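All remarks here apply to the structure that follows.
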Amino acid sequence: MTRKSEETAAGNMSEKIVLIDGHSILNRAFYGIPDLTNGEGLHTNAVYGFLNIMFKILDEEKAQYLAVAFDLKAPTFRHKMFEAYKGTRKPMPEELHQQVPVMKEMLTAMKVPLLMKEGYEADDLLGTVAKRAEAEGLDVSIVSGDRDLLQLATDKTKIRIPKTKRTGTEIEDYNAVEVKEKYLVTPKEFIDVKALMGDASDNIPGIPGVGEKTATKIIAEYGSIENAYGHLEEIKPNKARESLREHYDMAQLSKTLAAIDTDSPVEFSLEEARLGDLYTEEAFELCKRLEFKNLLARFNCDGPKNSVSGHFKKITDTAAADEIFESALNADILGFQLLIWQKQIQGLAVCYGEEDIYYLPVQGAMTAEYLTGRLEQAAGSAKMSGTINLKEELSFIRIPDRKRVVDEAIAAYLINPLKDTYTYDDLAKEYLQMIVPSRMELLAKGGYDPEREETAACAGYMAYVAFACAIPVQDRLKELDMFKLFTDIEMPLVYTLYDMEKAGIMVNAEELKAYGDKLTGRIGELEESIWAQAGEKFNINSPKQLGVILFEKLKLPGGKKTKSGFSTAADVLDKLADEYPIVSLILEYRQLTKLKSTYADGLAVYITENGRIHSSFNQTITATGRISSTEPNLQNIPVRMELGREIRKVFIPSPGFIFVDADYSQIELRVLAHISGDKTLIDAYRQAQDIHRITASQVFHIPFDEVTPLQRRNAKAVNFGIVYGISSFGLSQDLSITKKEAAEYINKYFETYPRIKQFLDETVENAKKEGYVTTLFGRRRPVPELSSSNFMQRSFGERVAMNAPIQGTAADIIKIAMIRVNERMKNEGLLSRLILQVHDELLVEAAAEEAEHVKEILREEMQGAADLAVRLEIDMHTGANWYEAK
DNA sequence: TAGGTCACG
DNA sequence: ACGTACGTGACCTAG
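Laid out in structure tokens, this is it:
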């Protein structure tokens, strides 16, 4: 909508100008809003926050004029006056610095004048323009996060200080009266207060021994530094008196530095600042590029008419549908999307040209069977088809020629695995530079309703995006050298994961129930004992309440750790468990309630009528290329503790089948040996099966047979640490040793395996240069944290850069194995099925008579999945349940 | 909805 | 000096 500058109804009401302190508000926004980046990796949170604050103010002010002031780099008149007045300010973080030109570009696009003048600070420009505007009879609002601006407050000039709170942005307003109320001095006197007390961040020296309180008291009484000096002998705290006597010159200099120059020679014409339509084409484009979706709503409807929606057509009779499918058969590119709602096909969306976009709801003669039948034909005949979330659609269609169909969500995931969604609107934004309404926005209320216009629009966008993105995503994959990874691993894996989900795993519901009941009894006992020892009833599951009981009431040692109070995490409690019986009880309680709620009760609700659990295996979640499992997560079923491990007994094969479970032995360390090419480690793997022991032997220079259990344990921890992106602190925590000792271990380790150190260093260095790391199979992980100015973030980036190629390569390898194992069992006519993957482990439900055959397949395909410098060893077990097969 | 905790590799 | 091991998902509490 065009925002007209509204003429005020009453003639005696004055016009208003809003003046914004650019850097100050940008700063506020930067620190107040979590980091955001757009698809190009540009940080955008400060610009976004600035615009939100600006719009909020404009919405409530109804002003007629607007301008934004920025500092320039050049030295100001203050530098000339006072040498120390120079760049001791904190440097701006790079993430914020990047955003300054973007902010200026945005304001320019909105035709908002920028006030900048070499040799003057934004404060001076704001003060000058405010004074001039006031002289012309305008009301003035100055928006800044900086309290120094309070000296500009008058009856007509209001200083507005936004505060970002949890509940949103709140703004504190100060006219002259409010300044006096809050600070006990007038705005003009505020300068003198600041001059006396000084301001380190602004390089105002002030005078020694005078802080805010004394300064305020003196100025409140005498009105100015000069007048106070005139009454020097009356001044109260002796220290302040003598300081003022001695440093009067400094005080006066401070005052000049602190005073905003309201007569700076800034070129400013009120007419240029008149608020016109902020919502220009240029601003729209920039908002789009920055991905400010919420702000786009402020622009005229959904922006420049996107011609796409003009070509959406809803088809309701089979005659018309037949024609469409005929054309689709010959399409170069077919975009399709099955519309699935509550596990039922509600319709189909297809697109095979810029103007051929169709929504075909299931209705009458146009049955689900008709639609899927015709779609299968089309997908088998069109040169290529694109869709989003193919695995979900496979429940309803068979793909005749897998090579012709691509899942664009998976392509987009490979291109950038750090996003959390790959919906059609994400893809449109990323690959078509198009902002389209999301499914959530369109179908928010009411869900799927074939009659609604929004449903048809959603279908249209889905089909169009699937069509239009097919080429761009594949081109991008080729540019990034991931096309082979896509076609040879990720796309085939879609079908493998679908098969696994469909197969599911059988669960003995009665036994699961019994397991839960057993826990309940013990939980009750523990609860009573804990309450008895605490002397009161409380919710043991509440870390907050528990913290208070343990560390305040019972006064156990172990101070604060978390933001919201005491840490009661297991590693903290472990240290107290020996000495305080209540702590052991709590630890046991925690363990048992976890088993009960997450596993016993948690799993039970997922058992379907066929007695099986069908988890979802997600292919576009992790940053490293692993798959994830949800609803329920079957990749974190207990195994480390015996009691928890028991739960695996409820996972059983169908009658006549057994489980065959195979897991890679130290796959990540083997991957590291390979990609680093470290001779010593490779040889170690060639000669011994106990790698941690041989590591200890090599690192500590002791004969293999004399390695103590402790030495082996330490070596094992270092091996793990290396894979995680080692740090002496992390290792010291893990082994409960000092940082120094940990650092020594690491040094020795690197001396023993120099190529590993070289590899890790080079990987980090290269990641800093390129912005990403890759696996052996070309999978990328961007590491934006490496360019952060924040030490902690950057260190995190370094560890990620070291870990991702290792974890990711292992993920690639097991994916290859899964595809081949699954295919072989199907092609060789077996009844056995792959049913689970747990990162380095595959679980097969094998027909009893096929067990040996299955073992052979698992061994061949898992070991043969990659040809590394070291052998890929596996451990394999069979059993009548998952407990036994492990 | 976020934070704390804990299950897995 | 900063304050951590890497990658996940589910449940619970509390605002």
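What the first sequence shows, in the numbering used here, is residues 467 to 1352, in sequence order. Idealized CB from N, CA, C, for every residue including glycine. Note that the structure is predicted; figures quoted are calculated from it, not measured.
Assuming residue i contacts residue j (C-beta within less than 8 Å), just tell me the rounded distance between them.
i, j, result
"L562", "F496", "5 Å"
"L1300", "V1287", "6 Å"
"V568", "V513", "5 Å"
"L591", "I608", "So it is not a contact: roughly 11 Å between Cβ atoms."
"A535", "L581", "4 Å"
"A1162", "R1136", "With a Cβ gap of about 18 Å, A1162 and R1136 do not count as contacting."
"Y426", "G801", "The structure shown does not extend to residue 426, since the chain is modelled only from 467 to 1352, so the question has no answer here."
"G1143", "R1221", "6 Å"
"F1243", "L951", "5 Å"
"T1229", "A1267", "6 Å"
"M948", "R1247", "With a Cβ gap of about 12 Å, M948 and R1247 do not count as contacting."
"V1126", "K1321", "6 Å"
"Y825", "F778", "7 Å"
In this structure, what does DSSP give as the bridge partners for residue i?
i, result
"S1341", "It should be noted that the sequence gives Asp, not Ser, for residue 1341. Per DSSP, D1129."
"F1123", "A1313"
"L1300", "V1310"
"C817", "G801 and I823"
"M972", "R1078 and I1118"
"R626", "V609 and D639"
"K780", "Y825"
"F1032", "K1026"
"T503", "H509"
Can you tell me whether residue i is buried or exposed, with buried defined as 16 or more other CB within 10 angstroms of its CB?
i, result
"G1001", "exposed"
"R1106", "exposed"
"I1340", "buried"
"S1030", "exposed"
"K1027", "exposed"
"G813", "buried"
"P866", "exposed"
"S730", "buried"
"K857", "buried"
"Q1303", "buried"
"I1168", "exposed"
"H1140", "buried"
"K583", "buried"
"T594", "buried"
Within its chain, find whatever has a CB closer than 7 Å to the CB of residue i; leave out the 5 residues flanking it on each side and keep chain order.
i, result
"T1218", "T1146, Q1164 and V1165"
"K1003", "W997"
"R1260", "E1251, L1252 and S1254"
"T1388", "Outside the displayed range of the chain (467 to 1352) lies residue 1388, so it cannot be described from this structure."
"A936", "I799, G801, M850, G852, V872 and E874"
"H489", "F536, D537 and A588"
"T542", "G585, Y586 and E587"
"F548", "L719 and L723"
"V659", "V651, A681, T682 and I685"
"K646", "T652"
Does the distance between the C-beta of residue i and the nearest non-hydrogen atom of the ligand ADP fall short of 7 Å?
i, result
"T1096", "For the ligand ADP, the structure offers nothing, since it holds no ligand at all."
CB-CB under 6 Å to residue i, same chain, minus the five flanking residues each way: which ones, in chain order?
i, result
"R1159", "V1173 and R1178"
"A934", "L898"
"A797", "Y818 and A848"
"D727", "D590"
"E638", "I627"
Under 8 Å Cβ to Cβ from residue i, same chain only, skipping five residues before and after it: list those, please.
i, result
"Q1224", "S1142"
"E602", "L736"
- Would you list, in sequence order, the uninterrupted alpha helix (DSSP H) runs of no fewer than 4 residues that lie entirely inside the region 896 to 937? 905 to 909
- Uninterrupted alpha helix (DSSP H) stretches inside the region 987 to 1023 (no shorter than 4 residues): 1009 to 1013
- Query: Which parts of the region 1222 to 1283 are runs of the beta strand (DSSP E), unbroken and 3 residues or longer, counting only runs that do not cross its ends?
  - Reply: 1238 to 1240 and 1246 to 1248
- Which residue spans inside the region 505 to 565 form an unbroken beta strand (DSSP E) run of at least 3? 531 to 535
- Message: In chain order, what are the residue ranges of uninterrupted alpha helix (DSSP H) at least 4 long that sit wholly in the region 846 to 878?
- Response: 856 to 859
- Note down, one range per segment and in chain order, each beta strand (DSSP E) of at least 3 residues found wholly within the region 561 to 602. none
- Message: Please give the ranges of any beta strand (DSSP E) in the region 1067 to 1117, keeping only runs that are unbroken, at least 3 residues long and fully inside the region.
- Response: 1082 to 1084 and 1094 to 1096
- Task: Please list the segments of the alpha helix (DSSP H) lying wholly inside the region 1141 to 1194, counting only runs of 4 or more residues, in order along the chain.
- Result: 1145 to 1153, 1157 to 1165 and 1175 to 1190
- Message: Suppose only complete runs of 3+ residues qualify. What are the beta strand (DSSP E) ranges in the region 713 to 744, listed by chain order?
- Response: none
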